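In our numbering, the protein residues as written are -17 to 190.
Structure, as structure tokens:
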Amino acid sequence: MTTHDPYDAEPPFDPAEIAAAERVDDDIAAVLAGSDRPGSVDPDLVVMANAFRREPSASTYAAVERRVAESGPRAAGRWRWSIAQVAAAVLGLVLVVHGVVNMVAGEWISTSLGEPYNQHAMIDGGLAFMAIGAAIAVASTRRRWLPVAVIVGVPLGLVMGGRGVHELGVFAWGAVAHGSVGLAAIVLLVTYLIAWRYSRPRQREGRV
């Protein structure tokens, strides 16, 4: 006794029907790829092709537009704050170098300025400059620490820059050293104020 298979009674596939189905698949692929000319495709074929499309929802479009609108100001804000952080790092490095020079070449500096050399004062002053410069450099690594670098570094840099004015005709290297500290402090102050100004949320104008 043999088992009856209902599929044995079905006729074989017609090659013409297979070819027609393959042509329909090719036409659908052409419509999805946009390679057919508009208006030259069967409307029923367009409906079939659209069934394979996955159009994003309106909420997806809104979320993408919102993210794109927010990314511009945020990127610009991060860029401005990065410049201020670099300026703070430069100021800290300049102060550290200034302190090292005071410790290593204190006698040469005093002789060039025509002042008595005090080793104790030079070493202590050099250590103080190095400590302040290191603190400013560390504060430049985080945006939330940047106000510390501004509060500590800007007044000190401006005072040192002013003290270097009288060394222009006496000790050129001293004027350059003091002037570099003052310039770095001014750059830090300007870049910080610009970043702070443009990072503040804009207040909505009230109705008139």
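For each residue, glycine too, the CB sits at the ideal point set by N, CA and C.
Nothing here was measured: the structure is a model prediction, and the numbers come from that model.
Legend entry - Opening and closing residue of the alpha helix (DSSP H) in which Leu150 lies: According to the DSSP assignment, Leu150 belongs to no alpha helix (DSSP H), since it is labelled neither H nor E.
Legend entry - CB contact check: Leu109 to chain B, cutoff 8 Å: Reference to chain B is not applicable here, since this structure consists of a single protein chain.
Legend entry - Where Gly96 falls: helix, strand or coil (DSSP): Shown here, Gly96 sits in coil according to DSSP, grouped into three states, outside any helix or strand.
Legend entry - the region 155 to 167 contacting the region 125 to 139, beta-carbon criterion three pairs below 8 Å: Enough Cβ pairs lie closer than 8 Å, so yes.
Legend entry - Selection from Leu109, Leu175, Asp8, Glu149 that minimises the alpha carbon distance to Ser92: Looking at the Cα atoms, Glu149 is the closest of the given residues.
Inset, instruction - Specify the secondary structure class of Thr173 as computed by DSSP and reduced to three states. - result: Under the three-state reduction of DSSP, Thr173 is assigned to helix.
Legend entry - Residue from Pro(-3), Arg5, Glu4, Arg62 whose Cα sits closest to the Cα of Ile176: Measuring C-alpha to C-alpha distances from Ile176 to each of Pro(-3), Arg5, Glu4, Arg62 identifies Arg62 as the nearest.
Inset, instruction - Let me know if Thr123 comes out buried or exposed under the rule of 16 or more other beta-carbons within 10 Å of its beta-carbon. - result: Classification of Thr123: exposed, given that the 10 Å Cβ count is below 16.
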